[in-house]
Amino acid sequence: MRISEAQKEQFAENGFFILEDIFNEAEIDNLTAEIERYVDEANQQLKAAGGKGISRPDEIVFTSFIAEKNEKILSFVKQAKFVQLTTDLIGPDVRLYWNQAVFKYPETPQEFPWHQDNGYTPLDPEQYYTCWLALSDSTLENGCIWVLPESHKLGTQPHERTVLGQVGYSGDDSGVSVPLKKGNMAVFSSLLFHRSGPNLTEGVRKAYIIQYIPAHARNARNNEPFTDRLWVAKDGKRYDRDPSDG
Numbered sequence: 053m054r055i056s057e058a059q060k061e062q063f064a065e066n067g068f069f070i071l072e073d074i075f076n077e078a079e080i081d082n083l084t085a086e087i088e089r090y091v092d093e094a095n096q097q098l099k100a101a102g103g104k105g106i107s108r109p110d111e112i113v114f115t116s117f118i119a120e121k122n123e124k125i126l127s128f129v130k131q132a133k134f135v136q137l138t139t140d141l142i143g144p145d146v147r148l149y150w151n152q153a154v155f156k157y158p159e160t161p162q163e164f165p166w167h168q169d170n171g172y173t174p175l176d177p178e179q180y181y182t183c184w185l186a187l188s189d190s191t192l193e194n195g196c197i198w199v200l201p202e203s204h205k206l207g208t209q210p211h212e213r214t215v216l217g218q219v220g221y222s223g224d225d226s227g228v229s230v231p232l233k234k235g236n237m238a239v240f241s242s243l244l245f246h247r248s249g250p251n252l253t254e255g256v257r258k259a260y261i262i263q264y265i266p267a268h269a270r271n272a273r274n275n276e277p278f279t280d281r282l283w284v285a286k287d288g289k290r291y292d293r294d295p296s297d298g
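The following block contains the structure:
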């Protein structure tokens, strides 16, 4: 899955591009079946704990680091399509930085606020890459993402912690909606401001978010390298060695 020159130009100018029809229905259904086990478990744990933070039972559930727990999911995020995509964008050496399912449950009225992914944990270099994969149709009605084109050019902006998540923008620009069909994927910069709307439908909006970093990236707060993160590619090819190798 090599990206085109037009997509590279769109990314440089706007901070994102869309990939359509890259996974078939069976691939998405199989991936979703693996992911749902962890989401259901996380939702039950939130209920037991009475969680009312960024993850809220039967409203919006974030389930992180699931590829590291499941060989089928790990194979998915390290498949040739992602190796080609990430080495085109990042360079020859790539690690899996973060991966999480985000399920927005029916009739959830809250939006997820404007933020930059780098506003949560700043990295050096600042820009890394988020793949927002729709596991179900993502629509205006059920909480698709919205973006502020060109906002990645601003660098990392100050964020304020709220009960709904970090907020880095509170201006009047409503942004551009990015509805996605099941199996389509938005690829965007960690510096791009984005948000998601409420889910006003009777179905669950399901997404899987995969983030990739240059292998040499460091935590900007303490200058520590991410040697605990799994390798995806080395010298432009899939790499399956232990995270601490190199």
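Start counting at 1 in the sequence shown, then tack on 52, and there's your number in this note's numbering. Think of the CB as a built atom: it goes at the ideal place given N, C-alpha and C, for glycine as much as any other residue.
List the endpoints of the continuous alpha helix (DSSP H) containing residue i.
i: Glu-86; result: 77-101
i: Ala-267; result: First-last for Ala-267: undefined, no H or E at that position.
i: Gly-119; result: According to the sequence provided, residue 119 is Ala. The question's Gly does not apply to it. Looking at the DSSP string, Ala-119 is not in any alpha helix (DSSP H), and its letter there is neither H nor E.
i: Asn-66; result: 57-66
i: Leu-185; result: From DSSP, Leu-185 is part of no alpha helix (DSSP H) but of the beta strand (DSSP E) over 181-186.
Please report the straight-line C-alpha distance between residue i and residue j, rounded to a whole angstrom.
i: Lys-286; j: Pro-210; result: 33 Å
i: Asp-224; j: Ile-197; result: 17 Å
i: Tyr-260; j: Trp-184; result: 6 Å
i: Glu-72; j: Arg-108; result: 31 Å
i: Ala-64; j: Gly-102; result: 43 Å
i: Gly-255; j: Thr-214; result: 26 Å
i: Glu-276; j: Gln-136; result: 27 Å
i: Asp-176; j: Ser-229; result: 29 Å
i: Glu-61; j: Ser-203; result: 15 Å
i: Asn-346; j: Val-146; result: A question about residue 346 goes unanswered here, because the residues of the chain that appear run from 53 up to 298.
i: Phe-164; j: Arg-270; result: 27 Å
i: Phe-24; j: Leu-141; result: Here the chain covers residues 53 to 298 and nothing more, so residue 24 does not appear.
i: Asp-189; j: Phe-128; result: 20 Å
i: Glu-93; j: Gly-143; result: 36 Å
i: Gly-67; j: His-246; result: 11 Å
i: Gly-227; j: Gln-152; result: 24 Å
i: Leu-216; j: Glu-120; result: 26 Å
i: Ala-272; j: Gln-59; result: 29 Å
Between which two residues does the beta strand (DSSP E) carrying residue i extend?
i: Ile-125; result: Here Ile-125 belongs to no beta strand (DSSP E); instead the alpha helix (DSSP H) covers 123-129.
i: Leu-244; result: Run containing Leu-244: none; DSSP gives neither H nor E here.
i: Val-154; result: 146-156
i: Lys-286; result: 283-286
i: Thr-214; result: 212-214
i: Phe-164; result: 164-167
i: Val-199; result: 197-199
Would you grab the beta carbon distance between residue i and residue j for me? Rounded to a whole angstrom, and I think it's under 8 Å.
i: Thr-160; j: Pro-250; result: 6 Å
Keeping to the same chain, check which residues put their C-beta closer than 7 Å to that of residue i; ignore five residues upstream and five downstream.
i: Tyr-149; result: Tyr-180, Gln-263, Tyr-264, Ile-265, Phe-278, Arg-281
i: Thr-208; result: Gln-168, Asn-170, Gly-171, Pro-174, Glu-178, Leu-243
i: Pro-201; result: Asn-66, Gly-67, Val-228
Grab me the residues of residue i's own chain with a C-beta within less than 6 Å of its C-beta, minus the 5 sequence neighbours each way, in chain order.
i: Tyr-291; result: Trp-283, Ala-285
i: Ala-132; result: none
i: Ile-118; result: Tyr-90, Ile-125
i: Asn-194; result: Asn-251, Thr-253, Arg-257
i: Tyr-157; result: Asp-110, Glu-111, Val-256
i: Phe-134; result: none
For residue i, which residues from the same chain have a beta carbon less than 8 Å from its beta carbon, with the 5 sequence-adjacent residues on both sides left out?
i: Glu-77; result: Lys-234, Gly-235
i: Ser-56; result: none
Query raised in the report: Would you call the region 214-233 and the region 261-268 in contact, with 3 or more CB pairs under 8 Å?
Result: no
Query raised in the report: At a cut of 8 Å, does the region 232-249 reach the region 88-106 through at least three beta carbon pairs?
Result: no
Report task. Take every Cβ of the region 74-83, pair it with every Cβ of the region 104-121, and state whether three or more of those distances are shorter than 8 Å. Result -> no
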